[in-house]
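Chemist: I'd like to ask some things about the structure below.
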Amino acid sequence: MGRYGRLAGGLAALAVAGVLAASPNTAAGFRKVEPGQPAPEVSLQTVTGDTVSLSSLRGKAVVLSFLRQGQERSEKAAKALEELGKAFADRAAVVGVVVNPGDGDAKAWADGLGVSFPIAVDADQEAYGTYGVLVAPSTGVIDPEGNFVEEVGGYTAAFADEVKALVAKALGEEVREEPAAAVPEKSDARKQAERYLQKAKLLVKRRMPEKAVESAREAVKADDTYAEAHELLGLWLLDASPDNVDEAEAHLKRAMELNPRSAGAKVGLARVMGIRGNVDEAAQTLEEAARISPKPERIYYELGRIYEGAGRFEKAVEAYRKALEKLLH
Numbered sequence: 008m009g010r011y012g013r014l015a016g017g018l019a020a021l022a023v024a025g026v027l028a029a030s031p032n033t034a035a036g037f038r039k040v041e042p043g044q045p046a047p048e049v050s051l052q053t054v055t056g057d058t059v060s061l062s063s064l065r066g067k068a069v070v071l072s073f074l075r076q077g078q079e080r081s082e083k084a085a086k087a088l089e090e091l092g093k094a095f096a097d098r099a100a101v102v103g104v105v106v107n108p109g110d111g112d113a114k115a116w117a118d119g120l121g122v123s124f125p126i127a128v129d130a131d132q133e134a135y136g137t138y139g140v141l142v143a144p145s146t147g148v149i150d151p152e153g154n155f156v157e158e159v160g161g162y163t164a165a166f167a168d169e170v171k172a173l174v175a176k177a178l179g180e181e182v183r184e185e186p187a188a189a190v191p192e193k194s195d196a197r198k199q200a201e202r203y204l205q206k207a208k209l210l211v212k213r214r215m216p217e218k219a220v221e222s223a224r225e226a227v228k229a230d231d232t233y234a235e236a237h238e239l240l241g242l243w244l245l246d247a248s249p250d251n252v253d254e255a256e257a258h259l260k261r262a263m264e265l266n267p268r269s270a271g272a273k274v275g276l277a278r279v280m281g282i283r284g285n286v287d288e289a290a291q292t293l294e295e296a297a298r299i300s301p302k303p304e305r306i307y308y309e310l311g312r313i314y315e316g317a318g319r320f321e322k323a324v325e326a327y328r329k330a331l332e333k334l335l336h
């Protein structure tokens with residue numbers, strides 16, 4: 008690539024970085040529907056050729072789960088939902104939606120799950136866009152009147168219990184709980200860690216990254232279970248220098264242990280792959296994340312940085328341009 012191509016890439020990167028700096032970080036889950044709102048209608052063709060729609064299931068609680076074929080977490084989620092559907096029998100319906108039908112034989116994948124609930128194909132990616140799906144699996148619960156209750160993003164060991172509780176809530180069958188004990192006061196260690204991290208955030212705003220990193224280090228020393236501190240420290244270490252990759256990776260992995268839904272930590276670990284020379288693996292991770300994200304501009308920006316660091320300037324420019332297009336769309 009010539010000097011002007013690199014210049015274009017650099018300008019694109021600067022433009023994206025500038026806009027992203029003014030944008031708040033976003034959380035995982037359904038981004039375009041709020042609890043209590045009417046759930047947007049979905050009508051899709053299943054892998055068996057039938058049609059399934061939310062309106063046809065009115066009168067039941069509906070569990071709408073967006074799944075990625077070939078992904079272990081989605082397979083585990085689907086099998087957990089099969090058991091949940093049996094538990095609620097005729098009072099609830101489960102619908103799976105494949106978000107990446109072009110990545111294989113969706114019917115074969117669905118058959119391999121061995122579930123009885125319908126698996127639909129989001130061929131035009133309209134459903135996940137309507138709901139603003141950020142990660143797969145993402146599972147939303149809708150009450151019998153068609154109102155959105157809440158979502159569970161990703162898959163953890165608590166997935167089945169979390170979805171079950173939401174279905175019970177949708178059906179008005181919440182178990183009466185004993186009077187809740189007072190919320191335990193934060194430990195002195197967590198309070199101290201939060202003070203250090205707040206100071207670090209202020210230092211970042213004041214363009215004092217080295218001092219911010221030191222303050223974030225103090226935060227994780229004060230409380231090693233503080234996921235946000237590990238995530239931000241890992242990202243700031245990568246921003247400071249690729250020489251920090253080992254320390255950054257350790258903190259990002261710790262953040263993922265503490266919070267498996269941490270989108271920032273996932274992106275940071277992809278950056279680690281890129282620094283270590285696993286550019287294709289890092290790019291694939293980010294491309295997949297971008298495809299199911301309704302607001303993928305940050306992801307494309309990080310993808311551009313990885314390509315640029317590997318000297319793949321044409322691909323870097325392409326990624327930066329995609330980020331700009333999404334920002335300006």
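Following my numbering, the numbering of the sequence shown begins with 8 at its first residue and continues without gaps.
Each residue gets a CB set at the ideal place from its N, CA and C atoms; glycine is no exception.
Please read all numbers here as calculations on a predicted model, not as lab measurements.
#1: Any chance you could list the alpha helix (DSSP H) runs of at least 4 consecutive residues sitting entirely within the region 173-250, in chain order?
#2: Quick check: the region 71-84 against the region 103-116, are at least 3 beta-carbon pairs closer than 8 Å?
#3: Considering only the alpha carbon of each residue, which of Q199, V279, I149 lies closest to S63?
#4: Note down the Cα distance separating G56 from E157, rounded to an integer number of angstroms.
#5: Can you give the Cα-Cα distance for E295 and E288, rounded to whole angstroms?
#6: To test your reading of the DSSP string, which unbroken alpha helix (DSSP H) runs of 4 or more residues are found completely within the region 247-272?
#7: I believe L265 touches T232 by the beta-carbon criterion, under 8 Å. Please report the beta-carbon distance rounded to the nearest angstrom.
#8: Which whole-angstrom value is the C-beta distance of L259 and E225, which I expect to be below 8 Å?
#9: Using the C-alpha atoms, what's the distance from P216 back to L178?
#10: Just to confirm the assignment, what range does the beta strand (DSSP E) spanning S123 have?
#11: Just the C-alpha distance for G92 and L245, rounded to the nearest angstrom, thanks.
#12: Can the beta-carbon of A127 be found less than 8 Å from the beta-carbon of Q52?
#13: Given this structure, state the Cα-to-Cα distance separating E90 from P267, to the nearest angstrom.
#14: Is P125 near G66, with beta carbons less than 8 Å apart?
#15: Can you give me the C-alpha to C-alpha distance between A143 and G318, rounded to a whole angstrom?
#16: If you check the beta carbons only, do R261 and Y162 fall under 8 Å apart?
#17: With 16 as the cutoff for other CB atoms within 10 Å, does E82 come out buried or exposed?
#18: If you draw a straight line from the alpha carbon of L331 to that of V274, how long is it in whole angstroms?
#19: Looking at the structure shown, is A34 part of a helix, part of a strand, or coil, going by DSSP?
#20: Using DSSP bridges, identify the partner residues of G147.
#21: Where A172 and V40 are concerned, what is the direct C-alpha to C-alpha distance, given to the nearest angstrom?
#22: To which residues does DSSP link Q52 through a beta bridge?
#23: Spatial neighbours of T58 within its chain, please: C-beta separation below 8 Å, excluding the five flanking residues on both sides.
#24: Which partner residues of V102 appear in the DSSP bridge assignment?
#25: Per DSSP, P45 is paired with what?
Modeler: According to the structure data:
#1: Annotation note: the region 173-250 contains the following uninterrupted alpha helix (DSSP H) runs of length 4 or greater, listed N- to C-terminal: 195-212, 216-229, 234-247.
#2: yes
#3: In this structure, I149 is the residue among Q199, V279, I149 with its C-alpha nearest to the C-alpha of S63.
#4: 29 Å
#5: 11 Å
#6: 252-265
#7: 6 Å
#8: Contact flag wrong, Cβ pair sits at about 18 Å.
#9: 50 Å
#10: Neither: S123 is in no beta strand (DSSP E) and is coded neither H nor E.
#11: 44 Å
#12: yes
#13: 23 Å
#14: The Cβ-Cβ distance between P125 and G66 does not fall below 8 Å.
#15: Approximately 31 Å between the Cα atoms of the pair.
#16: no
#17: Buried is the call here.
#18: Cα-Cα distance, rounded: 18 Å.
#19: In this prediction, A34 scores a pLDDT of 37, lower than 50, which makes its location untrustworthy; the coordinate-derived value is nonetheless stated afterwards. In this structure, A34 counts as coil in the three-state DSSP scheme.
#20: BP columns for G147 point to L71, E158.
#21: 19 Å
#22: T58
#23: S50, L51, Q52
#24: L71
#25: N154
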